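Participant:
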Amino acid sequence: RNRLDVVTMTDWLAPVIWDGTFDRQALENYYSRQNITVGLAVFAPSGPAHQYLKIFLKSANLYFMSGYRVIFYIIADIFFKVPEIQLGPLRTLRVLPISKDGWWYNVRLMQMKGLGEYIVSHIEGEVDFLFSMTVNQVFQSEFGVETLGTSVAQLHTWWYFRNTNNLPYERRPNSAAYIPLGQGDFYYDGSVIGGTPNMILSLIEDCLNRIILDIEKGLNSTYERYLNKYFFINKPTKVLSPEYNWDAAFYPPAEIRSVRVVHHPKVYELLVNQS
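Residue numbers (my numbering): 247 to 521.
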């Protein structure tokens, strides 16, 4: 009721989290009794990613789920070196090595495949909630328990403020990522997803299966479009506003009261091209 300028509830009654739409103290009172552990997975290609990962981890150490047990999972190749960083109390860092399998030509897809394998092997037994984020992001203020949910999707900074008829879904009917014209809810950003480990695993398996189907047809779409197909069918239970993943290239409009995380798209493109 305090934010009439933005969408605060979806058609399927999932809350959209903006500054001023939640009671942090009430949430803290609840989750402090739940004894939860939250995982944060980040993909770090070798080489130039090292300096960006250090910035990411330092900011996450300050602002991500402060006061709760957190495990930082760094998904990296065998040449990766852990940056020197002093973690706060209740924080643990683990490196999860992955190999570059032949047909995983897309770095983002390779990350999700590796994350899915580690969820099955041990992550699902270590954390209650899990977030996956790209390394080109910097936390600027509290990213707290208001973001927790069974299935958490991130609104895309650019496309939230655009005409929904022009959202860049996959429009080829023969693609497994296809969403027909006139349908779709929001356009979600693939650089932040969250939820329970089982939900993240379900999302990864669904996206990879659809990718395989398209490859067999000689089609090629983007990870983000497969992600949007998943959330089109499996509605998220919580949606994060662009405040939680603001694009550094744009000056925040009046609707953005608090930029909690800022991301740099060109940085990630550089990392992908050089990995």
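Positions of the beta carbon are idealized from the N, C-alpha and C atoms, including for glycine. Just so we're clear, the structure is a prediction, and the values are computed from it rather than from any experiment.
Using CA coordinates, which residue listed in L361, M311 and N455 is at the minimum distance from V288?
Facilitator: Against the sequence shown, residue 288 aligns to sequence position 42. The candidate whose alpha carbon is nearest that of V288 is L361.
Participant: Quick one: give me the first and last residue of the beta strand (DSSP E) that T283 is part of.
Facilitator: Here residue 283 refers to the residue found at position 37 of the sequence shown. T283 -> beta strand (DSSP E) spans T283 to A290.
Participant: Determine the closest residue to V328 out of F302, M356, Y309 and V373, with distance taken between C-alpha atoms.
Facilitator: Along the sequence shown, one-based indexing puts residue 328 at 82. Ranking the options by Cα distance to V328, first place goes to F302.
Participant: Nearest by alpha-carbon distance to V405: which of T393, G430 and A423 is it?
Facilitator: Position 159 of the sequence shown, counted from the first residue, corresponds to residue 405. Position check: residue 405 holds Trp in this sequence, whereas Val was assumed. Comparing Cα-Cα distances from W405 to each of T393, G430 and A423, the minimum goes to G430.
Participant: Please return the same chain residues whose Cβ sits closer than 6 angstroms to the Cβ of I502, not counting the five positions on each side in sequence.
Facilitator: Within the sequence shown, the letter at position 256 stands for residue 502. Excluding positions up to five away in sequence, the list reads E489.
Participant: Quick check: what's the CA-CA separation for E388 versus R506?
Facilitator: Here the question's residue 388 lines up with position 142 in the sequence shown. Here the question's residue 506 lines up with position 260 in the sequence shown. C-alpha separation (whole angstroms): 6 angstroms.
Participant: So, using beta-carbon positions, are I331 and A290 closer together than 9 angstroms?
Facilitator: Indexing the sequence shown from 1 puts residue 331 at position 85. Indexing the sequence shown from 1 puts residue 290 at position 44. Going by C-beta atoms, I331 is not nearer than 9 angstroms to A290.
Participant: What's the call for S397, buried or exposed, on a 16-neighbour Cβ count within 10 Å?
Facilitator: The sequence position of residue 397 within the sequence shown is 151, counting from 1. Burial call: buried.
Participant: DSSP state of M379, grouped into three classes?
Facilitator: Your numbering for residue 379 matches position 133 in the sequence shown. In this structure, M379 counts as strand in the three-state DSSP scheme.
Participant: According to DSSP, is R270 part of a helix, a strand, or is it coil?
Facilitator: Walking along the sequence shown from the start, residue 270 turns up at place 24. Of the three classes helix, strand and coil, the one that applies to R270 here is helix, per DSSP.
Participant: Does the Cβ of V373 have 16 or more other Cβ atoms within 10 Å, making it buried, or fewer, making it exposed?
Facilitator: The residue you call residue 373 lines up with position 127 of the sequence shown. Per the 10 Å Cβ criterion, buried.
Participant: Kindly examine the ligand PLP and report whether one of its heavy atoms sits closer than 8 angstroms to the Cβ of S345.
Facilitator: You won't find the ligand PLP in this model; it holds no ligand whatsoever.
Participant: For R249 and P499, I'd like the C-alpha separation in whole angstroms.
Facilitator: The residue given as residue 249 occupies position 3 in the sequence shown. The residue given as residue 499 occupies position 253 in the sequence shown. Answer to the nearest angstrom: the Cα atoms are 14 angstroms apart.
Participant: With 16 as the cutoff for other CB atoms within 10 Å, does N275 come out buried or exposed?
Facilitator: In the sequence shown, residue 275 corresponds to position 29, counting from 1. Result: exposed.
Participant: Can you say whether Q520 is buried or exposed, counting buried as having 16 or more other CB atoms within 10 angstroms of its CB?
Facilitator: Working through the sequence shown from its first residue, we reach residue 520 at position 274. Confidence at Q520 is low in this model, with a pLDDT of 45, below 50, so its placement is unreliable and the value that follows should be read with caution. The residue in question, Q520, is exposed, as its Cβ has fewer than 16 Cβ neighbours within 10 Å.
Participant: Please classify T442: is it buried, with 16 or more other beta-carbons within 10 angstroms of its beta-carbon, or exposed?
Facilitator: Locating residue 442 in the sequence shown gives position 196, counting from the first residue. Result: buried.
Participant: Which same chain residues, not among the five before or five after A524, have their C-beta less than 6 angstroms away from its C-beta?
Facilitator: In the structure as shown, the chain begins at 247 and stops at 521. Residue 524 is therefore absent and cannot be evaluated.
Participant: Which term fits D251, buried or exposed, when burial requires 16 or more other beta carbons within 10 angstroms of its beta carbon?
Facilitator: Here the question's residue 251 lines up with position 5 in the sequence shown. Per the 10 Å Cβ criterion, exposed.
Participant: Comparing alpha-carbon positions, which option in P343, E470, N281 and N466 lies nearest P419?
Facilitator: As a working mapping, residue 419 is identified with position 173 in the sequence shown. Ranking the options by Cα distance to P419, first place goes to N466.
Participant: When you compare only the Cα positions, how much space is there between A322 and G395?
Facilitator: Numbered from 1 along the sequence shown, position 76 holds the residue referred to as residue 322. Numbered from 1 along the sequence shown, position 149 holds the residue referred to as residue 395. Each residue's Cα considered, the two are about 27 angstroms apart.
Participant: Tell me whether the region 473-490 and the region 254-268 touch, counting them as touching only if at least three CB pairs, one residue from each stretch, are closer than 8 angstroms.
Facilitator: Yes, since at least three Cβ pairs between the region 473-490 and the region 254-268 fall closer than 8 angstroms, the two stretches touch.
Participant: For L473, which of H402, F496, K463 and A495 has the nearest alpha-carbon?
Facilitator: Counting from 1 along the sequence shown, the entry for residue 473 is found at position 227. Ranking the options by Cα distance to L473, first place goes to H402.
Participant: For V485 and N491, what's the separation of their Cα atoms in angstroms?
Facilitator: As a working mapping, residue 485 is identified with position 239 in the sequence shown. As a working mapping, residue 491 is identified with position 245 in the sequence shown. Computed Cα separation, rounded: 12 angstroms.
Participant: DSSP three-state call for K463: helix, strand or coil?
Facilitator: Counted from its first residue, the sequence shown places residue 463 at position 217. Coil at K463, not helix or strand.
Participant: Does the Cβ-Cβ distance between V316 and V284 come in under 9 angstroms?
Facilitator: Taking the first residue of the sequence shown as 1, we reach residue 316 at position 70. Taking the first residue of the sequence shown as 1, we reach residue 284 at position 38. A contact, by the Cβ cut-off of 9 angstroms.
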